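Numbering of the sequence shown is given in the working numbering, commencing with residue 18 and proceeding in unit increments.
All C-beta atoms in this analysis are idealised placements derived from N, C-alpha and C, irrespective of residue type, glycine included.
Note that the structure is a prediction, hence the values are computed from the model and not measured.
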Amino acid sequence: MVVVTGGSRGIGAAICESLAAKGYGVISLSRTKPALSDILHLGCDLTDVNDRRAKFKQLAERDDIFGLVNNAGIATPNLIEDFDNEIYKKVMDLNATAVAELTAAVVPVLIKNKQGRVVNISSELILGFATRTAYSASKAAVSSFARTWALELGKYNICCNAIAPGPVETELFLQNNPPGSKVRKKKLEKIPLKRFGRPSDVAGMVAFLMSDEATFITGQTLYVCGGSSLGSVPV
Ligand SMILES: NC(=O)c1ccc[n+]([C@@H]2O[C@H](COP(=O)([O-])OP(=O)(O)OC[C@H]3O[C@@H](n4cnc5c(N)ncnc54)[C@H](OP(=O)(O)O)[C@@H]3O)[C@@H](O)[C@H]2O)c1
18 MVVVTGGSRG IGAAICESLA AKGYGVISLS RTKPALSDIL HLGCDLTDVN DRRAKFKQLA
78 ERDDIFGLVN NAGIATPNLI EDFDNEIYKK VMDLNATAVA ELTAAVVPVL IKNKQGRVVN
138 ISSELILGFA TRTAYSASKA AVSSFARTWA LELGKYNICC NAIAPGPVET ELFLQNNPPG
198 SKVRKKKLEK IPLKRFGRPS DVAGMVAFLM SDEATFITGQ TLYVCGGSSL GSVPV
């Protein structure tokens with residue numbers, strides 16, 4: 018069984034679909050039910066601490082979890098001079114703190130089974146991007162989590178990695194990069210492959226990291242970005 022947060026749409030839905038097609042049982046932890054009927058849905062508002070802890074406890078009671086994909090995330094762009102403590106806390110809480118809490122809940126099952134995979138969905142914006150103080154920091158945190166967890170959990174045959182997508186056309190991306198906007202045009206110009214990413218591009222990397230081909234890869238942040246991160250310093 019693989020647990021995917023935010024499997025109801027965008028990248029998360031593509032991840033669920035691709036894993037289900039490969040024969041994995043998949044549970045989506047999201048507020049909305051995924052469209053695909055063979056995905057199990059555990060309704061959860063990850064910003065509600067009591068709700069999420071109750072759902073994480075339920076997952077911790079299962080003995081069949083092999084993988085965890087920490088995918089759910091939000092971005093709330095603003096300049097540093099417009100810093101808003103409430104927004105900052107919300108982004109950090111959902112994108113980073115909830116990731117650590119869920120992983121902590123599920124890891125004892127993986128340790129008991131002496132195998133497992135954790136994949137954190139980070140972002141190429143960890144390299145820095147104007148208006149993303151909280152978002153970029155939260156994504157840098159989940160890349161860093163993967164490195165620490167790889168060190169702690171390698172002895173249990175558990176691989177932990179992060180994926181840093183470039184621009185992928187989803188609802189979240191459209192909200193922050195509307196058609197016709199300058200920022201959208203600039204992002205496209207930066208991509209050597211001359212197209213935005215598709216949710217399936219990221220889902221393919223997740224499926225690879227879950228597979229037997231990826232048993233010797235751990236602690237890495239893998240960029241799935243059409244080359245748009247090139248020329249920057251990798252973290
Ligand atoms: N799109 C990009 O260009 C891009 C690039 C780099 C990284 N990423 C990262 O990739 C991940 C997925 O992004 P996306 O573009 O697919 O976003 P999206 O289309 O907005 O989907 C976000 C998913 O997260 C879930 N979610 C959001 N808030 C939640 C909450 N409070 N409780 C439970 N689930 C919640 C949503 O489910 P419900 O609404 O049903 O709860 C939804 O399934 C994010 O972590 C994002 O930062 C995206």
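- One thing to note: Ala-31 has its Cβ no nearer than 9 Å to the Cβ of Val-241.
- Excluding the 5 residues flanking it on each side, Cys-33 has same chain C-beta neighbours closer than 8 Å at Val-21, Gly-24, Val-43, Ser-45, Pro-51, Leu-53 and Ile-56, in chain order.
- Measuring C-alpha to C-alpha distances from Phe-146 to each of Asp-110, Lys-203 and Cys-176 identifies Lys-203 as the nearest.
- About 6 Å separates the beta carbon of Phe-83 from that of Gly-133, a gap short enough to meet the 8 Å contact definition.
- Cys-61 carries a coil assignment under DSSP once its states are collapsed to helix, strand and coil.
- Lys-211 and Ala-77 have their C-alpha atoms some 43 Å from each other.
- Burial is judged here by how many other beta carbons sit within 10 angstroms of a residue's own beta carbon; Phe-73 has at least 16 and is buried.
- For Val-86, the closest of Glu-141, Asp-229 and Met-222 by C-alpha to C-alpha distance is Met-222.
- Ranking Met-18, Ile-234 and Gly-27 by CA distance to the CA of Lys-39 puts Met-18 first.
- The beta carbon of Lys-207 lies closer than 6 Å to those of Ser-245 in the same chain, with the five residues before and after it left out.
- Remark: C-beta atoms of Ala-163 and Gln-237 approach each other more closely than 9 Å.
- Tyr-240: member of the beta strand (DSSP E) spanning 238-241, first to last residue.
- Residue burial annotation: Gly-27 is buried, with at least 16 other C-beta atoms found within 10 angstroms of its C-beta.
- Taking 8 Å as the cut-off, one finds at least one heavy atom of ligand 1 near enough to the beta carbon of Thr-64.
- Distance from the Cα of Thr-165 is smallest, within the candidate group Asn-193, Val-135, Asp-65 and Thr-93, for Val-135.
- Close CB contacts of Arg-48 within its chain, under the 6 Å cut and outside five residues either way in sequence, are with Asp-62 (chain order).
- Taking Ser-160 as reference, the option from Ser-35, Ala-224 and Leu-142 with the minimal CA-CA separation is Leu-142.
- If you check the CB distance, Ser-139 and Ile-180 come in under 9 Å.
- No heavy atom of ligand 1 is found nearer than 8 Å to the CB of Gly-145.
- Looking at the DSSP output, Cys-176 shares a beta bridge with Arg-134.
- It is roughly 31 Å from the alpha-carbon of Leu-96 to the alpha-carbon of Ser-217.
- Within 10 angstroms of the beta-carbon of Phe-233 lie fewer than 16 other beta-carbons, which makes it exposed.
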